[in-house]
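There are 2 protein chains.
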Amino acid sequence: VNSKVFINGKFLDPDQATVSVFDRGFLFSDSVYEVIHVDGNKLFLFEEHIERLKRSLSELDMDFPNYDFLTICQELLKISPVDYGGIYIQVTRGTQQPRSHFWHQKKLLPNVVAFAQSIKRPEKKALKAITYPDLRWGRCDVKSTSLLANVLAREEAAKNSCDEALLVSSSGWVSEGSSTNLFVCRNGVVKTPPLSENILPGVTRKFCLEVLNELAIPYKEEKLSKEELFNSDEVWITSSTKDVLPLESIDGIELKFEMENSLWEQVFNRFKEKKLKSLK
Amino acid sequence: VNSKVFINGKFLDPDQATVSVFDRGFLFSDSVYEVIHVDGNKLFLFEEHIERLKRSLSELDMDFPNYDFLTICQELLKISPVDYGGIYIQVTRGTQQPRSHFWHQKKLLPNVVAFAQSIKRPEKKALKAITYPDLRWGRCDVKSTSLLANVLAREEAAKNSCDEALLVSSSGWVSEGSSTNLFVCRNGVVKTPPLSENILPGVTRKFCLEVLNELAIPYKEEKLSKEELFNSDEVWITSSTKDVLPLESIDGIELKFEMENSLWEQVFNRFKEKKLKSLK
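These protein sequence lines are chains S and X, in that order.
The numbering of the first sequence is the working numbering, which starts it at 277 and goes up by one.
The numbering of the second sequence is the working numbering, which starts it at 277 and goes up by one.
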């Protein structure tokens with residue numbers, strides 16, 4: 277890997293890229309992050325991600341760090357171009373020694389980490405998902421690194437040779453995937469769970485809703501039950517690095533989805549077109 | 277600070293003590309920890325903490341690292357003796373590059389961090405607490421570093437000049453404090469919430485129940501409502517570095533607690549005696 281990792285103003289080799297063990301991100305998952313999608317070495321929806329980063333920081337009473345993230349991203353992409361992937365940015369509350377649960381209302385110096393990462397461009401192919409209990413904390417609208425529940429769910433999906441885990445609350449509502457937002461369609465109407473403290477306000481989710489608007493496809497933001505998942509004509513997931521992709525099975529049960537003439541394909545094509553125009 | 281930090285077999289100066297930014301503990305809070313209490317430079321309930329560490333690791337499908345933690349603890353206490361405090365141990369799933377939510381069932385090499393930390397010996401004094409929404413994830417019985425909900429609650433307590441935040445679920449049950457277990461007494465009977473996925477199986481909680489047994493003080497492990505907190509004769513919190521301490525107020529409301537002739541004082545005295553015999 278010939279990429280670099282940005283840490284607090286320096287661009288370091290990945291094996292030199294470290295943080296203190298007294299960093300509150302490491303000790304308490306007291307940190308937030310973003311993944312800004314890169315396609316053809318260009319940034320997608322950069323401003324929207326930075327806006328969400330600001331919101332996450334503000335919700336945790338942290339200041340926005342004094343860095344020009346656009347320049348950092350551009351520098352990272354200059355050092356190692358990314359055909360498809362993302363730029364990961366993490367901001368922690370900072371290093372605090374001795375370790376203490378609270379930070380005494382003192383503003384610490386945040387630790388800022390950023391790196392570019394290439395992934396395989398997703399094929400135009402339906403994915404498989406499992407359902408899994410939603411064990412996440414009560415503020416999933418804040419994009420924090422308190423992700424243990426998410427990664428356990430995602431690993432369970434991988435164990436079952438699936439691509440995503442759809443998270444179901446104890447009362448039977450499906451909120452989203454472990455790192456994706458969720459859409460279903462039935463009889464030509466699209467539905468996605470409304471923003472709440474259990475849902476990440478997905479940048480790609482919002483972009484997808486704009487695409488639906490442009491295509492005049494009706495949609496509603498309403499709570500979604502596990503039963504509805506299986507009674508839908510189509511189920512899609514969205515994320516920064518997946519754009520919008522359909523599912524072909526959930527919990528091993530085949531969905532009746534056919535790619536050809538699907539609502540998804542209309543949305544996918546318009547999404548792609550609109551995305552190309554938005555890349556910077 | 278002339279202490280050292282153990283990392284993966286080496287004892288390093290605190291400012292040299294770093295982990296990779298690709299550590300899964302840092303990126304995903306995919307790690308577990310323990311704080312082993314030290315009094316008079318001796319370890320308290322070492323085996324019990326290691327047992328719980330084993331359980332936490334096993335619940336997350338991680339192997340117990342191949343280190344002799346007793347020797348590590350003793351070495352840390354030799355380098356910098358601790359009159360009162362603890363030894364912090366953290367085990368992460370390991371470093372994984374590129375960043376990926378799942379670890380593909382591959383066993384990574386865990387990162388192991390340990391350091392000694394001195395704190396002020398608590399006074400024999402009643403504490404103040406607030407109540408705060410329990411926003412934690414669904415597996416609080418696993419002592420993971422997914423602690424963002426805990427530290428936000430604890431900071432809110434500090435903002436209100438209080439010592440602890442008691443966590444109340446949306447249905448009105450009080451589970452425990454942000455880093456303590458909870459006991460109440462009414463009419464000579466002690467009550468503490470039963471172990472569940474919302475409760476950390478506290479090593480000090482268990483030790484305190486043993487003390488109650490020895491003193492033939494009746495107790496029950498039952499769910500506890502927020503109302504009961506305020507209707508109790510005494511409210512205590514327990515933790516590895518606090519032993520057992522009473523509260524004098526919650527949410528600014530004075531409790532009727534009097535230290536003299538309290539049930540707490542009986543328990544505190546026996547706890548201290550029993551503790552002295554258990555230090556190693």
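For every residue, glycine included, the Cβ atom is placed at its ideal position computed from N, Cα and C.
Quick caveat: nothing in here was measured; it's all calculated off a predicted structure.
Consult DSSP for X/Glu-490 and reduce its assignment to one of helix, strand or coil. Along the second sequence, read from residue 1 onward, the residue named residue 490 of chain X stands at position 214. If DSSP states are grouped into helix, strand and coil, X/Glu-490 belongs with the helices.
In chain S, what lies closer than 9 Å to X/Gly-414 by C-beta? On the second sequence, residue 414 of chain X is found 138 positions in, with the first residue counted as 1. Result: Pro-409, Asp-410, Leu-411, Arg-412, Trp-413, Ala-425 and Ser-446.
Based on Cα-Cα distance, which residue from X/Asp-339, X/Phe-544, X/Leu-424 and X/Thr-371 lies nearest to X/Ala-402? Start at 1 with the first residue of the second sequence, and residue 402 of chain X comes out as number 126. That would be X/Phe-544, whose Cα lies nearest to the Cα of X/Ala-402.
Spatial neighbours of S/Leu-385 within its chain, please: CB distance less than 6 Å, with the 5 preceding and 5 following residues excluded, ordered by chain position. Counting from 1 along the first sequence, the entry for residue 385 of chain S is found at position 109. Result list for S/Leu-385: Gly-370, in chain order.
Euclidean distance between Cα positions of X/Gly-448 and X/Asp-410: As a working mapping, residue 448 of chain X is identified with position 172 in the second sequence. As a working mapping, residue 410 of chain X is identified with position 134 in the second sequence. The alpha-carbon atoms of X/Gly-448 and X/Asp-410 are separated by roughly 10 Å.
Please classify X/Gln-381 as buried or exposed, where buried requires at least 16 neighbouring CB atoms within 10 angstroms. As a working note, residue 381 of chain X is residue 105 in the second sequence. Exposed: under 16 other Cβ atoms inside 10 Å.
Roughly how many angstroms lie between the CA atoms of X/Leu-521 and X/Trp-540, to the nearest whole one? Position 245 of the second sequence, counted from the start, is the residue given in the question as residue 521 of chain X. Position 264 of the second sequence, counted from the start, is the residue given in the question as residue 540 of chain X. Those two C-alpha atoms are separated by around 8 Å.
Closest Cα partner of S/Asn-284 within the set S/Trp-379, S/Glu-323, S/Asn-474 and S/Tyr-343: As a first step, residue 284 of chain S must be located in the first sequence, where it is residue number 8. Out of S/Trp-379, S/Glu-323, S/Asn-474 and S/Tyr-343, S/Tyr-343 has the C-alpha closest to the C-alpha of S/Asn-284.
Please list the partners that X/Leu-523 has in chain S, where partner means a Cβ-to-Cβ separation under 8 Å. The residue you call residue 523 of chain X lines up with position 247 of the second sequence. Those within 8 Å of X/Leu-523 in chain S number zero; the least Cβ separation is about 17 Å.
Looking only at its own chain, which residues have a Cβ that is under 7 Å from the Cβ of X/Val-487, when we skip the five neighbours before and after it? Stepping through the second sequence from its first residue, residue 487 of chain X is reached at position 211. These residues qualify, in order along the chain: Val-543, Arg-546, Phe-547 and Lys-550.
Given a cut-off of 7 Å on the beta-carbon distance, is the pair X/Trp-512 and S/Ala-425 in contact? In the second sequence, the residue the question calls residue 512 of chain X occupies position 236. In the first sequence, the residue the question calls residue 425 of chain S occupies position 149. Between X/Trp-512 and S/Ala-425, the C-beta gap is not smaller than 7 Å, which leaves the two residues out of contact.
On a CA-only basis, which of S/Thr-421, S/Asp-439, S/Val-418 and S/Ile-395 is nearest S/Tyr-408? Give me that one, please. Along the first sequence, one-based indexing puts residue 408 of chain S at 132. Minimum Cα distance to S/Tyr-408 is reached at S/Asp-439.
Under 8 Å, CB to CB, which of the residues in the segment 428-457 of chain S have a partner in chain X? Those residues of the segment 428-457 of chain S that come within reach of chain X (Cβ to Cβ, closer than 8 Å) are Leu-428, Arg-430, Glu-431, Ala-433, Ala-434, Lys-435, Ser-454 and Ser-455.
Starting from S/Ala-293, find everything on chain X with Cβ-Cβ shorter than 8 Å and list it in chain order. Within the first sequence, numbered from 1, the residue matching residue 293 of chain S stands at position 17. Scanning chain X for C-beta atoms nearer than 8 Å to the C-beta of S/Ala-293 yields Ser-296, Val-297 and Phe-298, reported in chain order.
Could you tell me if S/Ser-437 is buried or exposed, where buried requires 16 or more neighbouring beta carbons within 10 angstroms of its beta carbon? By 1-based counting over the first sequence, the position of residue 437 of chain S is 161. Result: exposed.
Classify X/Asp-359: buried if its beta carbon has 16 or more other beta carbons within 10 angstroms, exposed otherwise. Locating residue 359 of chain X in the second sequence gives position 83, where the first residue counts as 1. Exposed: under 16 other Cβ atoms inside 10 Å.
Would you check if there are 3 or more beta carbon pairs closer than 8 Å linking the segment 471-478 of chain S to the segment 529-539 of chain S? Flag = no, the segment 471-478 of chain S and the segment 529-539 of chain S do not touch.
Give me the chain X residues within the contact set of S/Trp-379, using Cβ-Cβ distance strictly less than 9 Å, ordered along the chain. Residue numbering aside, residue 379 of chain S sits at position 103 when the first sequence is read from its first letter. Result: Val-427, Glu-431 and Ala-434.
Nearest CA to the CA of S/Ser-538: which residue from S/Met-338, S/Ser-554, S/Val-460 and S/Cys-349? By 1-based counting over the first sequence, the position of residue 538 of chain S is 262. Cα-wise, what sits closest to S/Ser-538 is S/Val-460.
Coil, strand or helix - S/Asn-387 by DSSP: Counting from 1 along the first sequence, the entry for residue 387 of chain S is found at position 111. It is a strand residue.
Which first and last residues belong to the alpha helix (DSSP H) in which S/Arg-430 is found? As a working note, residue 430 of chain S is residue 154 in the first sequence. It spans 424-435 - the alpha helix (DSSP H) in which S/Arg-430 sits, taken as one unbroken run.
Pick out whichever of X/Glu-498, X/Leu-428 and X/Asn-463 has its Cα sitting closest to the Cα of X/Ser-508. Here residue 508 of chain X corresponds to residue number 232 of the second sequence, with the count starting at 1. Selected option, being the one with the closest Cα: X/Asn-463.
With H, G and I counted as helix, E and B as strand and the rest as coil, what does DSSP make of X/Phe-395? In the second sequence, residue 395 of chain X corresponds to position 119, counting from 1. Note on residue identity: the sequence assigns Ile, not Phe, to residue 395 of chain X. Coil, per DSSP.
Hey, out of X/Lys-518, X/Ser-445 and X/Ser-472, whose CA is closest to X/Asp-315's CA? Here residue 315 of chain X corresponds to residue number 39 of the second sequence, with the count starting at 1. Nearest of X/Lys-518, X/Ser-445 and X/Ser-472 to X/Asp-315, Cα basis: X/Lys-518.
Report all residues from its chain with a CB closer than 6 Å to the CB of X/Leu-329; omit the five preceding and five following residues, and keep chain order. Taking the second sequence and counting its residues from 1, one reaches residue 329 of chain X at position 53. Once the five neighbours on either side are set aside, the close Cβ partners of X/Leu-329 are Glu-310.
Closer than 9 Å at the beta carbon, the chain X residues around S/Gln-372: Residue numbering aside, residue 372 of chain S sits at position 96 when the first sequence is read from its first letter. By Cβ distance, chain X contributes nothing, its closest Cβ being about 11 Å from S/Gln-372, past 9 Å.
Contact between the segment 330-340 of chain X and the segment 291-301 of chain X (3+ Cβ pairs under 8 Å): Touching, no, given that fewer than three Cβ pairs across the two stretches are closer than 8 Å.
Classify S/Ala-492: buried if its beta carbon has 16 or more other beta carbons within 10 angstroms, exposed otherwise. Residue numbering aside, residue 492 of chain S sits at position 216 when the first sequence is read from its first letter. So S/Ala-492 counts as exposed.
Mind pulling the chain X residues with CB within less than 9 Å of S/Pro-290? In the first sequence, counting from the first residue as 1, residue 290 of chain S sits at position 14. Under the 9 Å cutoff, chain X gives Ser-296, Val-297, Phe-298 and Gln-373.
Counting only beta-carbon separations shorter than 7 Å, does S/Thr-517 have a partner in chain X? As a working note, residue 517 of chain S is residue 241 in the first sequence. Look at S/Thr-517: its C-beta is not under 7 Å from any C-beta on chain X.
Per DSSP, S/Gly-316 is paired with what? The count along the first sequence starts at 1 and reaches residue 316 of chain S at position 40. Partner(s): none; S/Gly-316 has no beta bridge.
Kindly say whether S/Val-389, judged by its beta-carbon, lies nearer than 7 Å to any beta-carbon of chain X. Against the first sequence, residue 389 of chain S aligns to sequence position 113. Chain X contact via Cβ: present.
Buried or exposed (CB count within 10 angstroms, at least 16 for buried), X/Glu-528: Reading the second sequence from its first residue, position 252 is the one you call residue 528 of chain X. Looking at the sequence shown, residue 528 of chain X is not Glu but Gly. Exposed, since its Cβ has fewer than 16 Cβ neighbours within 10 Å.
Taking DSSP's pairing of strands, which residues face X/Val-366 in a bridge? Taking the second sequence and counting its residues from 1, one reaches residue 366 of chain X at position 90. According to the sequence as given, residue 366 of chain X is Gln; it is not Val. X/Gln-366 pairs with X/Tyr-309 and X/Val-389.
Reduced DSSP secondary structure (H/G/I, E/B, other) of X/Ser-451: Against the second sequence, residue 451 of chain X aligns to sequence position 175. Strand.
Close beta carbons around X/Lys-404, own chain, < 6 Å, minus the five adjacent residues each side: By one-based count along the second sequence, residue 404 of chain X stands at place 128. Once the five neighbours on either side are set aside, the close Cβ partners of X/Lys-404 are Cys-438, Asp-439 and Ser-525.
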